[in-house]
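Enquirer: Going by the working numbering, the sequence shown opens with residue 743, and the numbers climb by one from there.
Built from N, CA and C at the ideal position, the CB exists for glycine as well.
Here's a structure for you.
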Amino acid sequence: MANLRAPRAGLAREQQMKVDNAFDPEEAVKCLVWIREITGENIPVETVMDDRQKVLDFFYETLKDGFLLCRLANCIVPEDMQIKMKSLTFKKSTNEAFESARERSRLEIFCEKIMEFGVPETLTFQIDSLYERTNLVQVYCAIRNFGMEAESRPSFTGERFWPKKAEENKREFTEEQLKASKSVIGLQMGTNKGASQSGMTFGKQRMITEK
């Protein structure tokens, strides 16, 4: 767990500080507000909005056990993709090692579920990013991408909360257009038209003598 890890030092500490400094409390709050609206869970985020560090701590503590994220997924994904919240993974354990393993499993299930829903793997987060608190920026970006994916579906009829997802702009070209493009020489390719070696005097000329 994050509170049991040895403090980072040297370059690792500098890198972690850069990641933490990139944390946007407004974006994190927006994610928590959206999760509250979708799930109906009581998330008193307003109590920490006046302090950046409090927002960071609250965001981490609220999401790290994976329960809330899995409830969020179940509120959005189709019925045939629902997470089985009554399985052993979602039962609290008094054994710290068991509970730690289950919390990580819940986060993994959430990431797998949103990928199955349509969020690219590169736009999700690694388990340690949240559980070990190494990159919370990656976490709220994944939640935002999940929200954008959900709002892009034809079945979505509610008020838009996230920016509109970029849509595919597929272009169709005729066979003649494709052939015509092959005759075009890009400026970066250069050209050898009119090239010659006239005027080149670099280096000593090779002397050819008869024996």
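Which stretch, first to last residue, makes up the alpha helix (DSSP H) that contains LYS796?
Expert: Note, LYS796: alpha helix (DSSP H), 794-805.
Enquirer: Apart from the five residues on each side of it in sequence, which residues of its chain come closer than 6 Å, Cβ to Cβ, to PHE888?
Expert: So the list reads ILE856 and VAL861, once near-sequence residues are dropped.
Enquirer: With a CB to CB cut of under 6 Å and the five nearest residues on each side skipped, what residues in its chain are close to ILE777?
Expert: Here the set comprises LEU814.
Enquirer: To the nearest angstrom, report how far apart SER897 and ARG844 are at their CA atoms.
Expert: Approximately 33 Å, taken between the alpha carbons.
Enquirer: Please classify PRO820: is it buried, with 16 or more other beta-carbons within 10 angstroms of its beta-carbon, or exposed?
Expert: PRO820 comes out exposed.
Enquirer: Count the other CB atoms, across all protein chains shown, that sit within 10 Å of the CB of LEU965; report buried if there are 16 or more and exposed otherwise.
Expert: What the structure shows of the chain is the stretch from 743 to 953, and residue 965 is not part of that stretch, so it cannot be assessed.
Enquirer: Do LEU849 and GLY808 have their beta-carbon atoms positioned less than 8 Å apart in this structure?
Expert: Yes.
Enquirer: Pick helix, strand or coil for THR866, following the three-state DSSP scheme.
Expert: Correct three-state label for THR866: coil.
Enquirer: Is there at least one Cβ from chain C nearer than 8 Å to ILE777's Cβ?
Expert: Protein chain content of the structure displayed is limited to a single chain, and chain C is not contained in it.
Enquirer: If we ignore side chains and look at the alpha-carbon of each, how far apart do ASN911 and PRO905 end up?
Expert: Per-residue confidence for ASN911 stands at a pLDDT of 49, beneath the threshold of 50, marking its modelled position as unreliable; the derived number appears in the next sentence. One C-alpha to the other measures close to 18 Å.
Enquirer: So, helix, strand or coil for VAL861, using DSSP?
Expert: DSSP places VAL861 in coil when its eight states are reduced to three.
Enquirer: At the level of alpha carbons, what is the spacing between THR804 and GLY782?
Expert: Distance between the alpha carbons of THR804 and GLY782 is about 14 Å.
Enquirer: Among ALA892, THR899, MET890 and TYR873, which residue has its Cα nearest to the Cα of PHE801?
Expert: The candidate whose alpha carbon is nearest that of PHE801 is TYR873.
Enquirer: Exposed or buried, what is GLU891 when buried is set at 16 or more other beta-carbons lying within 10 Å of its beta-carbon?
Expert: The residue is buried, with at least 16 neighbouring Cβ atoms inside 10 Å.
Enquirer: Apart from the five residues on each side of it in sequence, which residues of its chain come closer than 6 Å, Cβ to Cβ, to GLU769?
Expert: These residues qualify, in order along the chain: TYR882.
Enquirer: Apart from the five residues on each side of it in sequence, which residues of its chain come closer than 7 Å, Cβ to Cβ, to SER847?
Expert: So the qualifying residues of the chain are THR831.
Enquirer: In the DSSP assignment, find the alpha helix (DSSP H) that holds GLU768 and state where it starts and stops.
Expert: Looking at the DSSP string, the run of the alpha helix (DSSP H) that includes GLU768 is 767-781.
Enquirer: Between the Cα of LEU810 and the Cα atoms of ILE825, GLN880, ASN837 and ARG895, which residue gives the shortest distance?
Expert: Among ILE825, GLN880, ASN837 and ARG895, the Cα nearest to that of LEU810 belongs to ILE825.
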